[in-house]
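Heads up, the thing below is written out as structure tokens.
Protein chains: 4
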Amino acid sequence: MVDASPPKWHLAHVTWFFETFLLKPFSSGYVPFNDAFEMLFNSYYNSVGQPFTRAHRGFLSRPTLQEVLEYRQYVDRTMTQMLQDELSETARFRIEVGLHHEQQHQELILTDIKYNFGNNPLKPVYSDSGRQACAATEMNWVAFDGGLVEIGVSGSDTFVFDNETPRHQVFLIPYQLASHLVTNGEYLEFIEDGGYSRADLWLSDGWSHLQSLHANKWHAPLYWRKSEGQYYEYALSGEAKIDPHQPVCHVSAYEADAYARWKGCRLPTEAEWEHASVESSLEGNFVESGLFHPSMPSISQPGNSGLHGLFGDVWEWTGTSYAPYPGYQPFAGQLGEYNGKFMANQLVLRGGSCATPASHIRPSYRNFFYPPNRWQFSGIRLAKATP
Amino acid sequence: MVDASPPKWHLAHVTWFFETFLLKPFSSGYVPFNDAFEMLFNSYYNSVGQPFTRAHRGFLSRPTLQEVLEYRQYVDRTMTQMLQDELSETARFRIEVGLHHEQQHQELILTDIKYNFGNNPLKPVYSDSGRQACAATEMNWVAFDGGLVEIGVSGSDTFVFDNETPRHQVFLIPYQLASHLVTNGEYLEFIEDGGYSRADLWLSDGWSHLQSLHANKWHAPLYWRKSEGQYYEYALSGEAKIDPHQPVCHVSAYEADAYARWKGCRLPTEAEWEHASVESSLEGNFVESGLFHPSMPSISQPGNSGLHGLFGDVWEWTGTSYAPYPGYQPFAGQLGEYNGKFMANQLVLRGGSCATPASHIRPSYRNFFYPPNRWQFSGIRLAKATP
Amino acid sequence: MVDASPPKWHLAHVTWFFETFLLKPFSSGYVPFNDAFEMLFNSYYNSVGQPFTRAHRGFLSRPTLQEVLEYRQYVDRTMTQMLQDELSETARFRIEVGLHHEQQHQELILTDIKYNFGNNPLKPVYSDSGRQACAATEMNWVAFDGGLVEIGVSGSDTFVFDNETPRHQVFLIPYQLASHLVTNGEYLEFIEDGGYSRADLWLSDGWSHLQSLHANKWHAPLYWRKSEGQYYEYALSGEAKIDPHQPVCHVSAYEADAYARWKGCRLPTEAEWEHASVESSLEGNFVESGLFHPSMPSISQPGNSGLHGLFGDVWEWTGTSYAPYPGYQPFAGQLGEYNGKFMANQLVLRGGSCATPASHIRPSYRNFFYPPNRWQFSGIRLAKATP
Amino acid sequence: MVDASPPKWHLAHVTWFFETFLLKPFSSGYVPFNDAFEMLFNSYYNSVGQPFTRAHRGFLSRPTLQEVLEYRQYVDRTMTQMLQDELSETARFRIEVGLHHEQQHQELILTDIKYNFGNNPLKPVYSDSGRQACAATEMNWVAFDGGLVEIGVSGSDTFVFDNETPRHQVFLIPYQLASHLVTNGEYLEFIEDGGYSRADLWLSDGWSHLQSLHANKWHAPLYWRKSEGQYYEYALSGEAKIDPHQPVCHVSAYEADAYARWKGCRLPTEAEWEHASVESSLEGNFVESGLFHPSMPSISQPGNSGLHGLFGDVWEWTGTSYAPYPGYQPFAGQLGEYNGKFMANQLVLRGGSCATPASHIRPSYRNFFYPPNRWQFSGIRLAKATP
């Protein structure tokens, strides 16, 4: 799959970020580790040069992992020296971006390893952390008044990405969000009701995709496998029977939307989600739990509003297209390519997942993927208008 | 191209609409003209059955045009009889939808013939209406205060599509729209400034598309051809040198967005566009002018706000994804497939074109196409935030 | 399908042949009918110029059929005048090639119409000639001694294509050919024995193709359709139940090879076929019968050797790759592109079909198609080594 | 590229061969190393089961190289025990096939590593053996009388593959072969004469391929790169300027054929090649030289006939399609899939290469690849008919 890259590439790319955007421009006399790396480990910065073809990253048998680790040590060492000196504002800013960037790739390394292992007939175990059995929960609706509210961030003390700015007003009609994420057991009912074969439940593009070669005729979430009437799910702890009480995971936006329609509901908008999250604390099942799998609701406690698992567990698909906020300004210079140019054809996801570092997430954080993508830890929270 | 269908198919399909949604359910004793037509001329209504493959419509050498015309007469005749009787509310509603549906296909027949002729090396002339030379105009900015405004329609006396409902509040920060559409001459400056080879101007998906096989390395709008340093443009009146004062036409949303970025501007949102259009009269260069080509500003007069050519000439790309309005309800029954299921991956266009029937358009009308589409009469109006 | 062209294109192309290779070089003062036709109706002669894309021939709504017929009359008239004059040897030769070329396209018009009609859900009838019910026949083996024999043609009084030359020696070990073509009934046994799902019966490329998108999971010959346990076959006289005694038709070389392997036999080589045909008269079910469908053995009588239906009915796949004979010389000049450049990846077929003009065929005639092709009237005659 | 596999896969596959065809059927009580390997390391034996998708071999991060080496030791150990016992004729035969099979993969490991390294922008060095500078040579023609000759093998004392049998008669007209292989310098003349842009020189399929996406617009042999007017060639010893006296290598059959046509010659048939090779000794530049690159004619001495470099250096494309010899019988049982099912769409290559083990090659040896393939060490020897 073109979206997934090998761990070695991720390691080299986050190193490349510091070399390219900090050492080369700001560290006088810096000698690049290997000139060819500028192109090899560029992800998508056209302003830096023509990147190496994404789909071919997996073919790079050289540099070896050992060489990449040496590259990393070399850059780390030089960065450490640089940090001794007085730094310009631009340099300080880029270092902060570089750290958040590295957190993003920490999550991607996990999702990409999962994709590689999950498609390997051997179903290798990445971590023997085991799975945490989930208790049954009961979903109820949490209502919000809406009105003219504010989302986004301006002039924050803590780091935010450009796509979270500026803070601005949006008008929301009264709405309700589900207290819990959709579970495997609930999703299974959708499957058994013929959800994957009823055109009326699907967006037209979703229905086409479902039946295309790319989808290879989806009939369940990614990593689910049916054998003798029982569904099994591959997790980083290995393959096991699905747990009906766990949040369903690795569904595309098309599947999330079809499930919501089947329930007579819809997905939340990103403004609804962000507004609702204000009363929730930033606790949840993040990568630090070591589970690498959603788990409900053993870790996360409901916020004051009564919403469980808003942060962590799974990225929650919204029905909102990833677009610039009114008055949006991209980061200056080459980092302007970081977010802005992807504002087409993607949907916003919110809340982080069990593969996200806890310190990386916040209410205003906007993740984005294409509607058919499902190799991320992505799940479903239902919404509806208050009658 | 998979999006374009032959005129014969359009003629049969709009006839099929009346046969399927009116005669079969409401005209007792109705004998279908040909049972196979139910599948052949179904466009995308999965609730009616599996449609004939869109990409193969051009291969249908049978039924002949003569047979399709007989089909049309047969259905027209039966519909005329039906109209003598008392009609249920559902039937009356579907007739109205059927007429608006037919207007949509009148426009598509023209755009599809243009696509077929424009790709024929003979460059056939469809209509010798000639082109109307355009006078130079000067663009200025028209400012709007925004605030908490209303768009969309609820409980209208006149027909509206479900996707225009309900009327609802949106919050707009102060913004400005260009008084005129972008012209060929202005767009040519973008081309000559290397617009098609500067990655920094493009959305990432646009840049990829630009260089893909599908795009065949775009270097100008569709129907433009360069010969010995001069650009020519195919119109339904034949090929001629581009007129620098005419609105640029047949650009994709990617091109529109890149042009706007090059100018330091952006595309309007659909809410901005609709709010701004309130003071404009519904006049413009529509299909009735017989020009079948944009023409500025000889026909349309500016609205009170000072916006020229808001209606007619070209569909204006907005930067807004086609999505349901808050509280959106699809049409009941099979016609629920008309609009709602397409609310993914497309952008809204506003204002109608020189191929749109005048009585078909209104301020709240939402057209929608995919960002790379450019065989429709689509153009560019710039927007920016008021500083 | 990229291989099939519309009748209008065939009509124009055979006219183009005379205009390009005779009128333009040899008729002084000739004024081309339309300069653009040189490119539009060029099939594959790179020496003439860049041909119009084959896959787009179906999109040429202009010139109209009426214009093509006028083009044809114009060229016919000028050719008739030219024939009054003394002609050079080259001109006389090219006229003869042009006539044989036209016969080839007469066959292709029929196979291409059949492909277009056969894929139309209306299953239009091209000719109401009806089908000729076939009597049961019994296949027996006809043995040939082989040895050092000659095939091909040198210095003939009658026209032959360059690919049939020169006459040359080949060594054949003793072999046997089936007296009759494989019938629908025999082929049905192969299907019902799981022939299409047994990898061991297929060439590797055939097995891959069978399961590819292109083949859309073949499970029977082209134009066969199964409904409630019964196979139907589309013919130019319409769709009807398969006749078990008719020669099976519209099979690819992969299917022919798999069938032969299932029977413990093989396909003949082209040398075996040609050597065996010497004692057969050139009679058979050709296009002149008006059946446009194979028919066994009502028309063709066995040759002295006892081989039935060697000529006409169906083109017989051989196992021999289309390659130059030893000492092969292509036609001189631009007509050198006629045959030679196709000598890669194709297999030879022999004997003509029910769509071939009787005067076009001869024992040395080499037709050639790619192994997966099956829209021609192609069938199977078994062969084996004499034990 | 789908044709190339990682070294780890090759190692496992040749081990799998012994496990599947020897240990499982003949070693009572054998416990498979890992049941999943049966599918993972099956190349194409449908009779064994559904093989793992070839194009995905590169994604198998597990089993690790360490595990594959353990698998190999496990199977080697068990095979060694088995060899102590009395073996059936079938077992002895399969062991012999298994050894020859392993030699084939030794060559493929080299060509696949070269493909992986050669496409890596770092151009890694596999072996620092250096290149052997070649002296200039002069090509002359060596004539053969032909006539009714024999090729192939029956009842040999040494191992041969089934596709080399049986020995049989073919008739050859007098012909000549070039004394030397075509060199880089000679091929460069073809390039500089516009060889890659002259349609008249190419087979139709070759010309199409040349301009297709797959070929990415070939303009020189694989691994050639032009920089500032100079061609460089990647070899396993690294990238260097092309040596004009070295045999040209990594050309497809289409390129070989086009070059031959440009010289007014043709490629040899496989019968011509084999008949001519009778007087040559089996010496040449094989893998044992450690050069991993063609080298002329420093190692190989001409045979009595005067042909240089017939064995080793490069596989020589013939113009002959890979097809069964008259009376061909595949190996019995599952090994019948070894060769026979590939007898479609491929061409025969002869003589071995600088990556072939010396003990693997013989005059009757038939290698086969598709005409566009060029990642093997494949080159050109010209032929022509004796006037």
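Here the protein sequences come in this chain order: A, B, C and D.
Going left to right, the first sequence walks through residues 679 to 1065 as my numbering numbers them.
Going left to right, the second sequence walks through residues 679 to 1065 as my numbering numbers them.
Going left to right, the third sequence walks through residues 679 to 1065 as my numbering numbers them.
Going left to right, the fourth sequence walks through residues 679 to 1065 as my numbering numbers them.
Where is the CB? At the ideal position from N, CA and C, for every residue including glycine.
Inter-segment contact for the segment 682-695 of chain B and the segment 740-749 of chain B is present: three or more beta-carbon pairs are separated by less than 8 angstroms. Within 7 angstroms of the CB of N794 (chain D), the CB atoms of chain A belong to F737, S739, in sequence order along the chain. For the segment 716-736 of chain D, the set of residues with a beta-carbon nearer than 8 angstroms to any beta-carbon of chain C comprises Y722, N724, S725, in chain order. For L859 (chain B) and D840 (chain A), the gap between their C-alpha atoms comes out near 30 angstroms. Closer than 7 angstroms at the C-beta level to chain C, one finds no residue of the segment 684-700 of chain B.
For P802 (chain A), a Cβ of chain D is located within less than 8 angstroms of the residue's own Cβ.
Close to A714 (chain A), with beta-carbon spacing below 8 angstroms, are these residues of chain D in chain order: P799, L800. In chain order, V848, F849 make up the part of chain B whose C-beta sits under 9 angstroms from the C-beta of V848 (chain A). Assignment of alpha helix (DSSP H) within the segment 731-781 of chain D, counting only whole runs of 4 or more residues, yields 743-762 in chain order.
For the 8 angstroms CB-CB criterion, F868 (chain C) and A954 (chain C) do not form a contact. Close to chain D, meaning a Cβ-Cβ distance shorter than 8 angstroms, are the following residues of the segment 861-882 of chain C: A877, D878, W880, L881, S882.
In the pairwise beta carbon analysis, the segment 873-881 of chain D is classified as touching the segment 925-945 of chain D: at least three pairs are separated by under 8 angstroms.
Under the three-state reduction of DSSP output, G1018 (chain C) falls in the helix class. Contact with chain C is found for L826 (chain D), since one of that chain's Cβ atoms lies less than 8 angstroms from the residue's Cβ.
Within the same chain, R809, Y910, E911 come within 7 angstroms of A918 (chain B) by CB-CB distance, once the 5 residues on both sides are set aside.
W819 (chain B) and H783 (chain B) have their alpha carbons spaced roughly 35 angstroms apart. For N1045 (chain D), the enclosing beta strand (DSSP E) has its first and last residue at 1045-1047. Less than 8 angstroms divides the Cβ of L945 (chain B) from the Cβ of G997 (chain B).
Residues of the segment 940-954 of chain A that bring their beta carbon within less than 7 angstroms of a beta carbon in chain B are absent altogether. At a cut-off of 8 angstroms between beta carbons, N1023 (chain A) contacts chain B. The Cβ atoms of E952 (chain A) and A1061 (chain A) do not sit closer than 8 angstroms to each other.
Put simply, the CB of S999 (chain A) is near chain B, with a gap under 8 angstroms to one of its CB atoms. Residues of chain C whose Cβ lies closer than 7 angstroms to the Cβ of G1011 (chain D) do not exist, since the nearest Cβ in that chain is about 11 angstroms away. Interface flag for A938 (chain B) against chain A is unset, since no Cβ pair is found closer than 8 angstroms.
Using a 10 angstroms sphere on the CB of A1010 (chain A), the tally of other CB atoms stays under 16, which defines it as exposed. Counting other Cβ atoms within 10 Å of its Cβ, N982 (chain D) stays below 16 and is therefore classed as exposed.
Apart from the 5 residues on each side of it in sequence, Y1048 (chain C) sits with its Cβ closer than 7 angstroms to the Cβ of N1023, Q1024 in its chain, given in chain order.
For F715 (chain B), the enclosing alpha helix (DSSP H) has its first and last residue at 715-718. Under the three-pair Cβ rule at 8 angstroms, the segment 982-993 of chain D does not count as touching the segment 1003-1017 of chain D. Contact annotation, Q781 (chain B) with H1038 (chain B): C-beta distance approximately 4 angstroms; criterion of less than 8 angstroms satisfied.
Counting along the chain, F711 (chain D) sits inside no beta strand (DSSP E), nor does DSSP assign it H or E at all.
When only Cα atoms are considered, L761 (chain D) and G1005 (chain C) end up about 53 angstroms apart.
Taking 8 angstroms as the CB threshold, A1063 (chain B) lines the interface with chain A. For I787 (chain B), the closest alpha carbon among the candidates B:F1055, B:P1008, B:S959, B:V838 is that of B:F1055. L777 (chain C) and M757 (chain C) have their C-alpha atoms spaced approximately 12 angstroms apart. Per DSSP, reduced to three states, the secondary structure at E828 (chain B) is strand.
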